[in-house]
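Asker: Structure provided below as structure tokens; questions to follow.
There are 2 protein chains.
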Amino acid sequence: MAKSDSSPPDSLDSLPADVECYCQLDGVIDLLSRQYAMQVICLVGAIGPARYGDIESAFDGVSSSTLSTRLSELVDAGYLSRHQHEEIPPRVEYELTASGAQLCERLQPLLEWAGQQGDLPS
Amino acid sequence: MAKSDSSPPDSLDSLPADVECYCQLDGVIDLLSRQYAMQVICLVGAIGPARYGDIESAFDGVSSSTLSTRLSELVDAGYLSRHQHEEIPPRVEYELTASGAQLCERLQPLLEWAGQQGDLPS
DNA sequence: AATATATACTGTCGAGTCCGAAGTTTTGGT
DNA sequence: ACCAAAACTTCGGACTCGACAGTATATATT
């Protein structure tokens with residue numbers, strides 16, 4: 001390599017160091033890059049303890065399997081807590097953990113902005 | 123975010139109206155829910171005009187087809203601009219549009235926080 | 001002169017992941 | 001006995017990703 005110099009403006013060479021970290025944000029970002037993940041976090045953040053049915057009906061047309069998977073992932077990752085009441089019919093409540101609340105804070109501006117963008121559903 | 127209100131939110135009945143909008147954030151959020159999408163926005167935001175090769179090497183192990191698709195989508199959606207210099211070998215520069223910059227602003231806190239979370243790869 | 005190189009992609013293919021409709025489980029009500 | 005409600009599973013199809021190969025062309029190298 002080692003270009004002589006004075007070529008088109010080099011970009012990567014003069015980067016701030018913290019840019020490098022973008023290449024391995026597999027953990028959280030990967031989790032959020034699934035359908036409804038960000039919305040679920042914000043929804044639970046907005047309504048507090050949320051039952052499965054609450055969440056399901058807040059999204060129009062989500063399938064239960066998808067939502068269920070998403071919730072499990074978020075619980076496993078430690079952003080949601082799951083509290084199951086031992087009753088019949090079953091009652092389960094999801095709530096943000098401390099991490100989840102931090103995440104939600106960062107997500108809110110994004111989702112609000114996204115909602116304002118021409119997201120007109122036909 | 124207006125956090126004050128020491129009383130816990132009770133249920134879906136007493137929701138702020140803007141919660142409903144979470145159910146149809148298909149546009150932008152859907153776009154961001156693809157691999158590397160958020161990182162690309164922030165990367166371009168961080169390094170300014172970015173060439174294809176710059177972006178490709180910033181992510182470790184992305185395939186060219188995936189990255190190419192992602193870039194096209196972001197350009198089509200109006201978050202990135204693509205400027206092709208008519209030279210050989212070709213030189214293409216991607217840059218944030220005004221919308222892209224707004225998006226990047228909202229994304230930065232999230233990605234920074236994500237980077238700090240235990241993202242330990244093994 | 002002929003070949004190699006660099007750049008920014010596009011195409012194809014197989015593997016893997018994700019999504020949504022329908023089914024399952026358990027108990028209480030009629 | 002039969003149905004309804006809540007919170008999930010199961011299953012098959014659809015979508016997406018990554019690896020690899022190929023394209024075009026001016027300059028550099030041999």
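Protein chains in written order, with our numbering: chain L, 1 to 122; chain A, 123 to 244. Built from N, CA and C at the ideal position, the CB exists for glycine as well.
How would you label Asp60(L), buried or exposed, when you count the other beta carbons within 10 angstroms and need 16 or more for buried?
Answerer: Position 60 of the first sequence, counted from the first residue, corresponds to residue 60(L). Answer is exposed; the Cβ neighbour count stays below 16.
Asker: What would DSSP say about Asp185(A), mapped onto helix, strand or coil?
Answerer: Here the question's residue 185(A) lines up with position 63 in the second sequence. First, the amino acid is wrong: residue 185(A) is Ser here, not Asp. Reduced to three states, the DSSP call for Ser185(A) is coil.
Asker: With 8 Å as the threshold, decide whether the Cβ of Val28(L) is near any Cβ in chain A.
Answerer: Your numbering for residue 28(L) matches position 28 in the first sequence. With 8 Å as the cut-off, Val28(L) counts as an interface residue toward chain A.
Asker: Can you tell which of Pro231(A), Val150(A), Val162(A) and Arg204(A) has its C-alpha closest to the C-alpha of Ser179(A)?
Answerer: By one-based count along the second sequence, residue 179(A) stands at place 57. Selected option, being the one with the closest Cα: Val162(A).
Asker: Which bits of chain L does Ser155(A) rub up against, with CB to CB less than 8 Å?
Answerer: Taking the first residue of the second sequence as 1, we reach residue 155(A) at position 33. By Cβ distance, chain L contributes Leu32, Ser33, Arg34, Gln35, Ala37 and Met38.
Asker: For Asp176(A), does the count of other Cβ atoms within 10 angstroms reach 16, so buried, or fall short, so exposed?
Answerer: Reading the second sequence from its first residue, position 54 is the one you call residue 176(A). By the neighbour-count rule (16 or more Cβ atoms within 10 Å), Asp176(A) is buried.
Asker: Under 7 Å between beta-carbons, which chain A residues line up against Leu110(L)? List them in chain order, please.
Answerer: Within the first sequence, the letter at position 110 stands for residue 110(L). Arg228, Leu229 and Leu232, listed in chain order.
Asker: Short of 7 Å in beta carbon distance, which residues of its chain neighbour Leu32(L), apart from the five on each side in sequence? Order them along the chain.
Answerer: On the first sequence, position 32 is the one that residue 32(L) refers to. The residues are Met38.
Asker: State the CB to CB distance for the pair Thr97(L) and Ser81(L), rounded to an integer number of angstroms; the pair is presumed to be in contact (CB under 8 Å).
Answerer: For the purposes of this step, residue 97(L) is identified with residue 97 of the first sequence, where counting begins at 1. For the purposes of this step, residue 81(L) is identified with residue 81 of the first sequence, where counting begins at 1. Indeed, because the Cβ distance is near 5 Å, the residues count as touching under 8 Å.
Asker: Identify, in the order they occur along the chain, each residue of the same chain with its Cβ nearer than 8 Å to the Cβ of Gly200(A), setting aside the five sequence neighbours on each side.
Answerer: Here residue 200(A) refers to the residue found at position 78 when the second sequence is read from its first residue. Around Gly200(A): Thr219, Ser221 and Gly222.
Asker: Closest by CA to Gln239(A), which one among Gln102(L), Leu111(L), Thr69(L) and Ile47(L)?
Answerer: Residue numbering aside, residue 239(A) sits at position 117 when the second sequence is read from its first letter. Residue Gln102(L) is the option with its Cα nearest to Gln239(A).
Asker: Run through DSSP, which three-state label would Ala123(L) get?
Answerer: Summary: the structure shown does not reach residue 123(L), with chain L confined to residues 1 through 122, and so no result is reported for it.
Asker: What residue range does the alpha helix (DSSP H) around Gln116(L) cover?
Answerer: If you number the first sequence from 1, residue 116(L) lands on position 116. Ala98 to Gln116 is the extent of the alpha helix (DSSP H) around Gln116(L).
Asker: What's the C-alpha gap between Gln230(A) and Gly237(A)?
Answerer: As a working note, residue 230(A) is residue 108 in the second sequence. As a working note, residue 237(A) is residue 115 in the second sequence. Each residue's alpha carbon lies about 10 Å from the other.
Asker: Please list, in chain order, all residues of the same chain as Val62(L) whose beta carbon is under 7 Å from its beta carbon, the five residues on each side excluded.
Answerer: Translated into the one-based positions of the first sequence, residue 62(L) becomes position 62. So the qualifying residues of the chain are Tyr36 and Glu56.
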